[in-house]
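Only one structure is covered here, and it is reproduced in the block below.
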Amino acid sequence: MIRTSFNHGWEFRPKVNPFAELAGVRVPYQPVTLPHDAMLAQQRSETGTPATAYFPGGTYEYRKTFTVPAAGEGDRILIEFEGVYRDAVVYVNGVYAGQRPYGYSPFRVDATALLRYGADNEIRVEARSHQDSRWYTGAGIYRDTWLLTGGPVRIAPGSLHVTTPQVDADRAVVEVAVTVGNDTTLLRTTHLTVDVRDAAGHVVATAATPVSVRPGEPATARLRLYVADPRLWGPDTPTLYTTTATLGDGDTDTTTFGIRTLSLDPHRGLRVNGTTVKLRGACVHHDNGLLGAVSTARAEHRRIQRLKDAGFNAVRVSHQPAARAMLDACDRIGMLVIDEAFDMWTSGKTEFDYHLNFAEWWERDIEAMVTNDRNHPSVIMYSIGNEIPEAGSPAGAVQGRALAERIRALDPTRYVTNGVNNMLAVMADLAAMRAQQEQDGGGINTAMAGNAGDMMNAIAGSDLVTQRTAESYALLDVAGMNYSEARYPLDAGLFPNRIILGTETFPTRIADLWAQVLRHDHVIGDFTWTGWDYLGEVGIGRPQYHDPDAVPAFNGPYPYLLAGTGDIDILGDRRPASYYREIVFGLRSLPYLAVRRPQHFGKTFSGTPWAWSDAIASWTWPGSEGQPATVEVYSAGDEAELLVDGESTGRRGLVEHRTAFDVVYQPGELVAVAYEKGVEIGRHRLRTATGPLSLRAVAEQTAVAVGGGDLAYVALTLTDAGGVVHTAADRPITVEVTGDGELIGLGSADPCTAERFDATTRTSYEGRVLAVLRPTGPGKIRLLATAPGCDPAEVLIAVDETPSR
Numbered sequence: 000m001i002r003t004s005f006n007h008g009w010e011f012r013p014k015v016n017p018f019a020e021l022a023g024v025r026v027p028y029q030p031v032t033l034p035h036d037a038m039l040a041q042q043r044s045e046t047g048t049p050a051t052a053y054f055p056g057g058t059y060e061y062r063k064t065f066t067v068p069a070a071g072e073g074d075r076i077l078i079e080f081e082g083v084y085r086d087a088v089v090y091v092n093g094v095y096a097g098q099r100p101y102g103y104s105p106f107r108v109d110a111t112a113l114l115r116y117g118a119d120n121e122i123r124v125e126a127r128s129h130q131d132s133r134w135y136t137g138a139g140i141y142r143d144t145w146l147l148t149g150g151p152v153r154i155a156p157g158s159l160h161v162t163t164p165q166v167d168a169d170r171a172v173v174e175v176a177v178t179v180g181n182d183t184t185l186l187r188t189t190h191l192t193v194d195v196r197d198a199a200g201h202v203v204a205t206a207a208t209p210v211s212v213r214p215g216e217p218a219t220a221r222l223r224l225y226v227a228d229p230r231l232w233g234p235d236t237p238t239l240y241t242t243t244a245t246l247g248d249g250d251t252d253t254t255t256f257g258i259r260t261l262s263l264d265p266h267r268g269l270r271v272n273g274t275t276v277k278l279r280g281a282c283v284h285h286d287n288g289l290l291g292a293v294s295t296a297r298a299e300h301r302r303i304q305r306l307k308d309a310g311f312n313a314v315r316v317s318h319q320p321a322a323r324a325m326l327d328a329c330d331r332i333g334m335l336v337i338d339e340a341f342d343m344w345t346s347g348k349t350e351f352d353y354h355l356n357f358a359e360w361w362e363r364d365i366e367a368m369v370t371n372d373r374n375h376p377s378v379i380m381y382s383i384g385n386e387i388p389e390a391g392s393p394a395g396a397v398q399g400r401a402l403a404e405r406i407r408a409l410d411p412t413r414y415v416t417n418g419v420n421n422m423l424a425v426m427a428d429l430a431a432m433r434a435q436q437e438q439d440g441g442g443i444n445t446a447m448a449g450n451a452g453d454m455m456n457a458i459a460g461s462d463l464v465t466q467r468t469a470e471s472y473a474l475l476d477v478a479g480m481n482y483s484e485a486r487y488p489l490d491a492g493l494f495p496n497r498i499i500l501g502t503e504t505f506p507t508r509i510a511d512l513w514a515q516v517l518r519h520d521h522v523i524g525d526f527t528w529t530g531w532d533y534l535g536e537v538g539i540g541r542p543q544y545h546d547p548d549a550v551p552a553f554n555g556p557y558p559y560l561l562a563g564t565g566d567i568d569i570l571g572d573r574r575p576a577s578y579y580r581e582i583v584f585g586l587r588s589l590p591y592l593a594v595r596r597p598q599h600f601g602k603t604f605s606g607t608p609w610a611w612s613d614a615i616a617s618w619t620w621p622g623s624e625g626q627p628a629t630v631e632v633y634s635a636g637d638e639a640e641l642l643v644d645g646e647s648t649g650r651r652g653l654v655e656h657r658t659a660f661d662v663v664y665q666p667g668e669l670v671a672v673a674y675e676k677g678v679e680i681g682r683h684r685l686r687t688a689t690g691p692l693s694l695r696a697v698a699e700q701t702a703v704a705v706g707g708g709d710l711a712y713v714a715l716t717l718t719d720a721g722g723v724v725h726t727a728a729d730r731p732i733t734v735e736v737t738g739d740g741e742l743i744g745l746g747s748a749d750p751c752t753a754e755r756f757d758a759t760t761r762t763s764y765e766g767r768v769l770a771v772l773r774p775t776g777p778g779k780i781r782l783l784a785t786a787p788g789c790d791p792a793e794v795l796i797a798v799d800e801t802p803s804r
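In structure tokens, the structure reads:
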């Protein structure tokens with residue numbers, strides 16, 4: 000079917016009761032371009048919940064007027080939504096056309112019989128969000144939309160499926176399956192041609208067959224093609240091929256794919272193209288920070304590329320199916336993916352979450368996820384859930400097996416896992432734990448605060464967990480375990496055929512965790528919570544200072560906005576934890592310096608296990624002159640030396656790649672020198688920002704394109720004349736965007752702020768602000784930034800015209 004972008008010309012407003020409108024209540028529509036997050040524009044307040052970043056719930060409606068030409072007999076017109084959060088209901092010309100309760104599933108509605116051909120038509124979409132998640136979800140039509148048109152004999156959308164069942168150095172077998180529909184009243188025979196093109200666009204294989212289709216009985220045709228000298232897709236060589244299927248009447252469908260092999264066993268672990276790969280994993284939520292839930296090609300590519308640059312080779316999409324734009328980016332960049340179906344089954348975690356719809360809809364949502372993913376070579380594993388309480392019961396094992404087998408029926412080429420929290424799986428058996436949970440009044444997350452790692456590990460290694468989870472793990476290809484590294488060595492003896500993956504782990508324990516991954520062949524990787532900071536679950540990673548005997552609070556109070564955890568902040572800038580992890584992974588030889596905030600010197604740190612120290616890579620602390628400060632040094636060597644203004648403070652050995660020095664702060668220079676067996680292996684330097692303050696504006700790309708989800712990112716930074724970021728001179732930065740673009744997001748990485756992402760002024764945090772621009776037409780975009788006490792800064796970005804993807 001012909002696929003046309005349906006993102007433009009929409010309007011949006013909070014939903015209005017029709018009786019209220021009759022009584023004179025008027026709520027005007029506002030024009031929007033999709034994808035759009037309706038929640039991000041709402042006013043946060045103390046009455047909200049920390050899980051969703053204190054954003055209120057609501058019901059929203061979108062509408063669009065469009066025309067379609069006259070249709071022939073048997074023609075079909077579908078409207079496809081890649082994601083609507085949540086409980087979407089679609090009306091065409093006032094008539095119900097379809098719905099989808101789950102907010103992360105792509106779906107289509109058939110508008111053929113509801114349209115007025117050659118005249119104006121109206122589509123209206125309702126979406127709602129209310130106490131239905133443990134994180135920020137956004138709301139509305141937050142992923143791409145498409146208009147699909149096709150003749151009476153056509154390729155069914157989403158049916159083009161490519162597998163590579165046999166691969167060797169000389170030749171790869173490429174099997175292509177295509178479903179052809181027939182909406183005429185007669186048996187029809189059409190001609191199907193399939194070709195495969197390499198990355199340069201050259202045809203490397205082709206095949207054809209006639210296909211006969213009965214009326215109303217779709218037929219699936221399978222063709223085997225043979226690609227000589229295949230270029231294999233892998234994390235380091237993400238080579239893509241393109242397959243195009245064409246019917247005799249001209250209907251076509253195209254998809255990209257990769258030629259690669261997967262294998263799995265407890266002795267050689269996970270192998271991609273015959274080579275063992277340990278998964279250096281990042282859990283990531285679906286939001287894009289400043290853009291809220293909006294997913295676009297550029298935003299997703301930027302995020303995946305920065306995660307890859309930081310040393311990750313895999314992402315676990317947590318805890319919902321990935322956007323197509325993210326999977327496309329993973330394919331191009333070479334990032335392995337675990338795509339996850341659900342955060343709950345029949346046991347709800349919030350009042351109105353998907354557990355209310357699970358029994359009726361889970362099969363359709365599994366099918367939507369697998370159909371969306373199965374041509375993406377980056378996807379190596381499906382997860383059927385996250386921290387599902389039912390996993391420790393026979394009934395839960397029955398449900399888990401049904402989910403796993405449904406996935407295998409749809410796609411037998413990938414593995415199945417489940418992110419099991421072993422403590423949660425046996426919670427019903429732990430009377431004392433349950434009583435504590437009820438007393439705290441904070442549910443699952445409160446029970447996991449404080450000494451969560453020690454508590455969960457002790458429970459995970461118990462005989463109770465061994466017995467209660469045996470069946471739920473046995474039905475999987477990979478035993479996904481959240482915060483349960485105690486089972487890694489234990490299960491090597493108890494379950495010698497069990498393959499384990501750390502599907503969610505504490506970032507503060509990466510040195511020990513990664514050592515265990517390398518030590519145990521049956522443990523195939525580690526996924527930290529999280530690789531990228533996110534909206535909601537506010538404050539779980541914030542540094543806290545309390546009495547040593549006090550339990551740190553799990554969430555931060557309003558106006559906390561971000562979780563405050565993650566190797567990379569919401570602007571895409573790496574935090575100290577990211578460089579430490581890169582060293583632990585064995586990917587960085589240079590040392591790294593970070594300084595704890597001097598105002599907290601001597602206080603007892605008591606953050607949650609998701610909280611790194613409050614250190615940042617800065618030696619600019621005005622007002623702290625003459626005061627003690629702690630300097631952290633991370634290194635791949637066995638010894639580190641700290642130089643303060645050229646004077647050595649001595650050498651120290653490293654424990655788990657880190658050490659710390661207490662020094663007195665004075666403006667100047669810090670240098671960390673790393674040694675291995677007495678030989679210097681690298682240096683890292685920090686210098687105090689001095690002199691007049693400058694505002695710098697740097698565009699990440701000098702040109703962007705109209706259509707296809709492209710965006711322009713502009714970094715706004717407060718620096719001294721030498722380019723050193725001044726982390727302690729924050730002030731409001733105002734941007735003005737003119738020309739052929741618009742500002743769609745302005746923000747900082749401040750985890751606790753009431754400022755908005757849709758404003759034109761934003762206070763910097765640690766010297767940084769990020770602006771996100773959307774091109775509106777060919778030409779140029781001009782951004783002018785101003786800040787008190789600084790000269791204005793300006794950037795120009797060229798906008799090229801290109802067809803939508």
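Numbering-wise, numbering that gives the first Met the number 0 puts 378 at position 379 of the sequence shown, and it's gapless, one number per residue.
Using N, Cα and C, we set each Cβ at its ideal position, and we do this for glycine too.
I believe residue i touches residue j by the beta-carbon criterion, under 8 Å. Please report the beta-carbon distance rounded to the nearest angstrom.
i: A478; j: I498; result: 7 Å
i: R99; j: A87; result: 5 Å
i: W531; j: G565; result: 5 Å
i: T504; j: T527; result: 6 Å
i: R153; j: R62; result: Wrong, their Cβ atoms sit about 28 Å apart, outside the cutoff.
Which residues does DSSP pair with residue i in a beta bridge?
i: I258; result: BP columns for I258 are empty, so no partner.
i: P556; result: In the DSSP output, where bridge partners are listed per residue, P556 has none listed.
i: E299; result: Partner(s): none; E299 has no beta bridge.
i: T66; result: D119
i: R170; result: A227
i: N181; result: V152
Between the Cα of residue i and the Cα atoms of the options, which residue gives the shortest distance?
i: L560; options: D286, F351, E655, R686; result: D286
i: E655; options: H284, Y579, P237, V771; result: Y579
i: P488; options: F11, L475, L517, A298; result: L517
i: A292; options: V83, L685, L269, R541; result: V83
i: T662; options: V643, D250, E125; result: In the sequence on display, residue 662 carries Val and not Thr. Nearest of V643, D250, E125 to V662, Cα basis: V643.
i: Q700; options: A797, A720, A659, A367; result: A797
i: L402; options: S377, D462, L475; result: L475
i: K14; options: E60, E386, G56, Q41; result: E60
i: I509; options: T58, P608, N6; result: P608
i: T629; options: G622, I615, G180, P621; result: I615
Mapping DSSP to helix, strand and coil, what is residue i?
i: C282; result: strand
i: H190; result: strand
i: E81; result: coil
i: N92; result: coil
i: P156; result: coil
i: E631; result: strand
i: S471; result: helix
i: D572; result: coil
i: T163; result: strand
i: M447; result: Confidence in M447 is poor, its pLDDT being 46 and thus under 50, which makes the residue's placement unreliable; the coordinate value appears in the next sentence. DSSP places M447 in coil when its eight states are reduced to three.
i: M334; result: coil
i: F600; result: coil
i: G442; result: With a pLDDT of 48 at G442, under the threshold of 50, the modelled position of this residue cannot be trusted; read the value that follows with caution. The answer is helix: DSSP assigns G442 an H, G or I state.
i: T465; result: helix
i: Y579; result: helix
i: P820; result: Here the chain has residues from 0 to 804 only, and residue 820 is not among them.
i: C789; result: coil
i: G395; result: helix
Closest Cβ-Cβ distance between residue i and chain B: below 8 Å?
i: V663; result: No chain B is present in this structure, which holds just one protein chain.
- Message: Below 8 Å, how does it come out for the region 405 to 422 and the region 478 to 489: are there three or more Cβ pairs, yes or no?
- Response: yes
- Message: Under 8 Å: do the region 589 to 602 and the region 626 to 635 share three or more Cβ pairs, one atom per stretch?
- Response: yes
- Query: Does the pairing of the region 686 to 706 with the region 719 to 728 give three or more beta-carbon distances under 8 Å?
  - Reply: yes
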